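Visitor: Encoded as structure tokens, here's the structure I'll be asking about.
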């Protein structure tokens, strides 16, 4: 409190006051006036901090900031070793239409997730729609229109497509490696996304040696971006 009021403090056991040449920036998402009335925040501290208040509206009220922030997060992912990606105008429109209950953090996590999970360089509206779809609505639609299919049946259908194409004259080469890669890639990508890019945790979940996982990441050219949620 003394530092805030007078710009001075005294160390433990010290006698001479020390001048503190600092600027303090404090931020909160809480209603501090309400907290003061409830006895949960010191009133004297509030008035010492509340010198130049700046109210930052939620992201849904700052639509012009969304493209700038989204491109900034894309650049951060690229600097961290992720692939180059761009947002087209339809994607920007979808982002600006979303209500962003999780504010800027939700947008950041969305961009990191897209970079980690999707191979395409250009991000369009259909991809944004898929990621921002309401979970409840999706669950209801899935319950009404589909029945969960065992993985083995899904894989069998895809293999049959290759075999039928071979019968029709399309040359088949390295079928085993191709099918394994198509299964391995999304498995490793989604596990890395679940562990927020932590390869040690991902290797444990997959039951792989960490060096084996790193080798597969390189072989399958899987981008790894930390901080994905």
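Numbering (the UniProt record's numbering), first residue to last: 1 to 229.
From the three backbone atoms N, C-alpha and C, an ideal C-beta is built for every residue, glycine too.
Small disclaimer: the values here were computed from a predicted structure and weren't measured.
Express the C-alpha separation of residue 22 and residue 11 in angstroms, rounding to a whole number.
Guide: Walking along the chain shown from the start, residue 11 turns up at place 11. Walking along the chain shown from the start, residue 22 turns up at place 22. Their Cα atoms are separated by approximately 16 Å.
Visitor: Which word fits residue 200, buried or exposed, when buried means at least 16 other C-beta atoms lie within 10 angstroms of its C-beta?
Guide: One-based indexing of the chain shown puts residue 200 at position 200. Flag for residue 200 reads exposed.
Visitor: Apply the 10 Å Cβ neighbour rule to residue 235 and answer buried if 16 or more other Cβ atoms are within range, or exposed otherwise.
Guide: Past the edges of the chain, shown from 1 to 229, lies residue 235, and the structure says nothing about it.
Visitor: Is it buried or exposed for residue 183, if we count other Cβ within 10 angstroms and need 16 for buried?
Guide: As a first step, residue 183 is located in the chain shown; it is residue number 183 there, counting from the start. Answer is exposed; the Cβ neighbour count stays below 16.
Visitor: In the DSSP assignment, the alpha helix (DSSP H) including residue 173 goes from what residue to what residue?
Guide: What you label residue 173 is simply residue 173 of the chain shown in a count that begins at 1. Element bounds for residue 173: n/a, residue is neither H nor E.
Visitor: With a threshold of 7 Å on Cβ separation, who are the neighbours of residue 32 within its own chain once the five nearest residues in sequence on each side are excluded?
Guide: Translated into positions along the chain shown, residue 32 becomes position 32. So the qualifying residues of the chain are 41 and 46.
Visitor: Restricting to runs no shorter than 4 residues, where is the alpha helix (DSSP H) found entirely within the stretch 31–102?
Guide: Whole alpha helix (DSSP H) segments, 4+ residues: 32–37, 43–49, 65–79 and 89–97.
Visitor: Of the residues 112, 95, 164 and 155, which one's Cα is nearest the Cα of residue 133?
Guide: As a working mapping, residue 133 is identified with position 133 in the chain shown. Minimum Cα distance to residue 133 is reached at 95.
Visitor: Consult DSSP for residue 108 and reduce its assignment to one of helix, strand or coil.
Guide: Numbered from 1 along the chain shown, position 108 holds the residue referred to as residue 108. In the structure shown, residue 108 sits in a helix (DSSP, three-state: H, G or I).
Visitor: Tell me residue 239's beta-bridge partners as DSSP assigns them.
Guide: Residue 239 lies beyond the range of the chain shown here (1 to 229); nothing can be said about it.
Visitor: Pick out the complete beta strand (DSSP E) segments inside the stretch 198–226, 3 residues or longer, and give them in chain order.
Guide: Fully enclosed beta strand (DSSP E) runs of 3 or longer: not present.
Visitor: Return the first residue and the last residue of the alpha helix (DSSP H) that residue 125 is part of.
Guide: For the purposes of this step, residue 125 is taken as the residue at position 125 of the chain shown. From DSSP, the alpha helix (DSSP H) with residue 125 extends over 125–132.
Visitor: When you compare only the Cα positions, how much space is there between residue 180 and residue 83?
Guide: Here residue 180 refers to the residue found at position 180 of the chain shown. Here residue 83 refers to the residue found at position 83 of the chain shown. Each residue's alpha carbon lies about 23 Å from the other.
Visitor: Since residue 118 and residue 107 are thought to touch, with beta carbons under 8 Å apart, how far apart are those beta carbons, to the nearest angstrom?
Guide: As a first step, residue 118 is located in the chain shown; it is residue number 118 there, counting from the start. As a first step, residue 107 is located in the chain shown; it is residue number 107 there, counting from the start. Between residue 107 and residue 118 the Cβ distance is about 16 Å, and since that is not below 8 Å, they are no contact.
Visitor: Would you kindly work out how many angstroms separate the C-alpha atoms of residue 24 and residue 6, rounded to a whole number?
Guide: In the chain shown, the residue the question calls residue 24 occupies position 24. In the chain shown, the residue the question calls residue 6 occupies position 6. Approximately 13 Å between the Cα atoms of the pair.
Visitor: Please work out which residues of its chain come closer than 8 Å, Cβ to Cβ, to residue 36, disregarding the five sequence neighbours upstream and downstream, and give them in chain order.
Guide: Here residue 36 corresponds to residue number 36 of the chain shown, with the count starting at 1. Taken in chain order, the residues that qualify are 42, 43 and 46.
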